[in-house]
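Under numbering that gives the first Met the number 0, think of the first position of the sequence shown as 0, with each following residue one higher. Positions of the beta carbon are idealized from the N, C-alpha and C atoms, including for glycine. Worksheet: the structure to be examined is printed underneath.
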Amino acid sequence: MKCQKHLFSLDPHIHYLNCAYKTPLMKSAEEAAIKSIQRERNPAEISVSDFFSIQEEIKSSYSSIIKAAQSQIALIPSTTYGFASVLNNIKGKTNGNAIIVKEAFPSGYYSLENWCKRENNNLKIIHPPQNTRQVGEKWNELLLDAITNDTSIVLIPTVHWMSGLKFDLQSIGQKCAQVGAKFIVDGTQSVGALPIDVEAYKITALICATYKWLFGPYSLGLLYVNEELNHGTPLEESWMNRKNAQNFRSLTDYEPAYTPGAGRYNVGQSSNFILLPILKESLAQINTWTVPAIQLYCKNLIQELKEFVSEIGISFEEEKYFANHLFSMQLTSKLDETRLKENLEKGNLILSIRGDHLRISTNVFNAKEDMDALIQAIKNSMD
Ligand SMILES: Cc1ncc(COP(=O)(O)O)c(C=O)c1O
């Protein structure tokens, strides 16, 4: 794949290496959103099927990305909404525990902490091993060892939001299934850029904000649940989630049945007329590019940077635990943080510092110039 910057409207003077913070909007998505705002001038143009058809198109595209049945996907406004929807339907084991990784993103952490209090389960935080730069293999091992017959839930991200470290979803899902634990995965920092297979990994629920690697808008997320959760209780009773919802003439023939699959978990007013067209365009474009091709593009793009960084003695995670779209460089004594911040600013490089790591995230809108500018800023910040 070639660089796709022409499909975005990024400021040509900046090097945007921060998709992990927020995606830039695609031109096609912007046009779709403008059209839908204009449609609001005249509501007569909005038909009954407009409330539902776009949702199905989005679910269909997303189902290809995560390898799930379309009916098992719901539209949510945020990851916390997704966590609450799922956790409300899980009972804790007696004297059980729930597992999370150290420095998990707060949305998942607070949700699970609260669930543990309610269900009288112990929250176990699995720390990475100390005194080693390559923590991937050992951290995954520690996670697997912590999952026992007493484990009610494992809630982990696909990749760590600060360092990009990849968790071994296949092995962890397998272990959860063996001990009867629910496996909840936060896909926000990789779904769309790194392949995932919810069924093969035995994932109970995959929760994902769309404003990063899915090129979507803020305030829109996607929830996948497996069939075990198809009969759960949703957070709210939206009329749109009932089987008769498309029949506007008889909505007060109150209908006890929900739409099948994950339909009951859609947030109220899920046919958000302004935001959904953005996500529809973005997901269609991801499927045109394909997720493996996006990951490969990032891999080729960062090759020179990786070589340069290892020459100066800063190591990355080994390949199996390394995500090419999101990774971090530890700020060691070799790299002066104050000077690095100054040089990033001078070079118009937009990146995040998370903890003691410089977080680098790339996508198909990045080009060699962005990498060259970053290498130069690092060179200028070394002692
Ligand atoms: C791993 C992860 N999960 C979730 C979110 C967003 O959470 P929410 O949808 O609750 O705002 C982020 C944002 O940075 C994140 O990195």
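Notebook entry, point to check: Which runs of the alpha helix (DSSP H), 4 residues or longer, sit entirely within the region 43 to 73?
Noted result: Runs found: 52 to 65.
Checklist line | Three-state secondary structure (DSSP) of leucine 193 | finding: Strand, per DSSP.
Notebook entry, point to check: What's the C-alpha gap between threonine 287 and threonine 22?
Noted result: Their Cα atoms are separated by approximately 18 Å.
Note to self: Taking the straight line between their C-alpha atoms, what separation do you get for glycine 135 and isoleucine 202?
What the structure shows: The C-alpha of isoleucine 202 is placed about 21 Å away from the C-alpha of glycine 135.
Next item on the list: May I ask whether a heavy atom of ligand 1 can be found less than 7 Å away from the beta carbon of isoleucine 156?
Entry: In the sequence on display, residue 156 carries proline and not isoleucine. Yes, the Cβ of proline 156 comes within 7 Å of a heavy atom of ligand 1.
Note to self: Does alanine 208 come out as helix, strand or coil in the three-state DSSP assignment?
What the structure shows: Strand, per DSSP.
Check: Which residues in the same chain as glycine 262 place their Cβ atom closer than 8 Å to its Cβ, once the five residues preceding and following it in sequence are excluded?
Finding: Scanning its chain for C-beta atoms nearer than 8 Å, with the 5 sequence neighbours on each side dropped, one finds around glycine 262 the residues Ser70, Ala73, Asn240, in chain order.
Checklist line | alpha helix (DSSP H) segments (min. 4 residues) lying fully within the region 282 to 329 | finding: Runs found: 290 to 310.
Notebook entry, point to check: With distances taken between CB atoms, is the gap from glycine 191 to isoleucine 53 smaller than 8 Å?
Noted result: Cβ distance not < 8 Å, so glycine 191 and isoleucine 53 don't count as in contact.
Item checked: Heavy atom of ligand 1 within 7 Å of threonine 22 beta-carbon -> No, the beta carbon of threonine 22 sits no closer than 7 Å to any heavy atom of ligand 1.
Notebook entry, point to check: Is arginine 40 helix, strand or coil by DSSP?
Noted result: Taken through DSSP and simplified to helix, strand or coil, arginine 40 comes out as coil.
Notebook entry, point to check: Per DSSP, which one or two residues make a beta bridge with threonine 150?
Noted result: DSSP, once it has assigned bridges, lists Asn96 as partnering threonine 150.
Margin query: Tell me the rounded alpha-carbon separation between histidine 14 and valine 178.
Written below: Rounded to the nearest angstrom, the gap between the Cα atoms of histidine 14 and valine 178 is 46 Å.
Next item on the list: Look at the alpha carbon of glutamate 55 and the alpha carbon of lysine 92, and state the distance between them as a whole number of angstroms.
Entry: Cα atoms of glutamate 55 and lysine 92: separation of roughly 36 Å, rounded to the nearest angstrom.
Notebook entry, point to check: Between Glu44, Asp185, Leu300, which lies nearest to cysteine 2 when the distance is taken from Cα to Cα?
Noted result: Closest option to cysteine 2, Cα to Cα, is Leu300.
Notebook entry, point to check: Do the region 109 to 122 and the region 73 to 86 touch if we need at least three Cβ pairs shorter than 8 Å?
Noted result: Under the Cβ criterion (8 Å, minimum of three pairs), the region 109 to 122 counts as touching the region 73 to 86.
Note to self: Short of 6 Å in beta carbon distance, which residues of its chain neighbour alanine 97, apart from the five on each side in sequence? Order them along the chain.
What the structure shows: Non-local C-beta neighbours of alanine 97 in its own chain, meaning closer than 6 Å and more than five positions away in sequence, comprise Leu111, Cys115, Asn120, Leu122, Ser151, Ile152, ordered along the chain.
Check: Just how far apart, CA to CA, sit phenylalanine 166 and lysine 90?
Finding: Near 25 Å, if we compare the C-alpha coordinates of lysine 90 and phenylalanine 166.
Next item on the list: Determine the direct distance from the alpha carbon of tyrosine 217 to that of glutamine 173, and round the result to whole angstroms.
Entry: The C-alpha of glutamine 173 lies about 33 Å from the C-alpha of tyrosine 217.
Notebook entry, point to check: If you compare alpha carbons, which of Gln294, Gln169, Lys333, Ala208 is closest to aspartate 185?
Noted result: When each option's Cα is compared against that of aspartate 185, the closest is Ala208.
Check: Between the Cα of serine 327 and the Cα atoms of Asn362, Leu164, Leu168, Gln188, which residue gives the shortest distance?
Finding: The residue with the shortest Cα to Cα distance from serine 327 is Leu164.
Next item on the list: Would you kindly work out how many angstroms separate the C-alpha atoms of isoleucine 33 and proline 276, rounded to a whole number?
Entry: Straight through space, the alpha carbons of proline 276 and isoleucine 33 are spaced by roughly 9 Å.
Margin query: So, at 8 Å on beta carbons, what are the nonlocal neighbours of leucine 6 in its own chain, with the 5 sequence-adjacent residues on each side left out?
Written below: If we look at leucine 6 and ignore the five residues flanking it on each side, its Cβ neighbours are Met25, Lys26, Ser27, Gln284, Phe364.
Note to self: Could you give the first and the last residue of the continuous beta strand (DSSP E) run that contains phenylalanine 182?
What the structure shows: Per DSSP, phenylalanine 182 belongs to the beta strand (DSSP E) from 181 to 185.
Note to self: Whole angstroms are fine: how far does the CA of methionine 381 sit from the CA of proline 272?
What the structure shows: The question names proline, yet the displayed sequence has phenylalanine at residue 272. Cα to Cα, the separation comes out at about 50 Å.
Check: Straight-line CA distance for arginine 358 to glutamate 254?
Finding: Arginine 358 and glutamate 254: Cα-Cα distance of roughly 49 Å.
Checklist line | Neighbourhood of glutamine 245 by C-beta distance below 8 Å, restricted to the same chain and skipping five residues each side | finding: In chain order, Val47, Ser48, Phe50, Phe51 place their CB closer than 8 Å to the CB of glutamine 245, counting only its own chain and leaving out the 5 sequence neighbours on each side.
Check: What is the DSSP secondary structure of glycine 220, counted as helix, strand or coil?
Finding: In the structure shown, glycine 220 adopts extended strand secondary structure according to DSSP, grouped into three states.
Check: Is any heavy atom in ligand 1 found nearer than 7 Å to the beta carbon of tryptophan 160?
Finding: At least one heavy atom of ligand 1 falls within 7 Å of the beta-carbon of tryptophan 160.
Notebook entry, point to check: Based on Cα-Cα distance, which residue from Leu213, Asn265, Leu221 lies nearest to glycine 231?
Noted result: Of the listed residues, the one whose Cα sits closest to glycine 231 is Asn265.
Next item on the list: Measure the CB-CB distance between threonine 384 and leucine 16 and report whether it falls below 8 Å.
Entry: Residue 384 lies beyond the residue range present for the chain, which begins at 0 and ends at 382; the question has no answer from this structure.
Margin query: Considering Cα atoms alone, identify which of Glu44, Arg40, Leu234, Glu102 is closest to arginine 353.
Written below: Nearest of Glu44, Arg40, Leu234, Glu102 to arginine 353, Cα basis: Glu102.
Notebook entry, point to check: What are the start and end residues of the alpha helix (DSSP H) that includes leucine 142?
Noted result: Run containing leucine 142: 135 to 145, per the alpha helix (DSSP H) assignment.
Check: Since tyrosine 223 and alanine 67 are thought to touch, with beta carbons under 8 Å apart, how far apart are those beta carbons, to the nearest angstrom?
Finding: Indeed, because the Cβ distance is near 5 Å, the residues count as touching under 8 Å.
Note to self: I want to check one thing, is the minimum distance from the CB of phenylalanine 7 to the heavy atoms of ligand 1 below 7 Å?
What the structure shows: Closer than 7 Å to some heavy atom of ligand 1: that does not describe the Cβ of phenylalanine 7.
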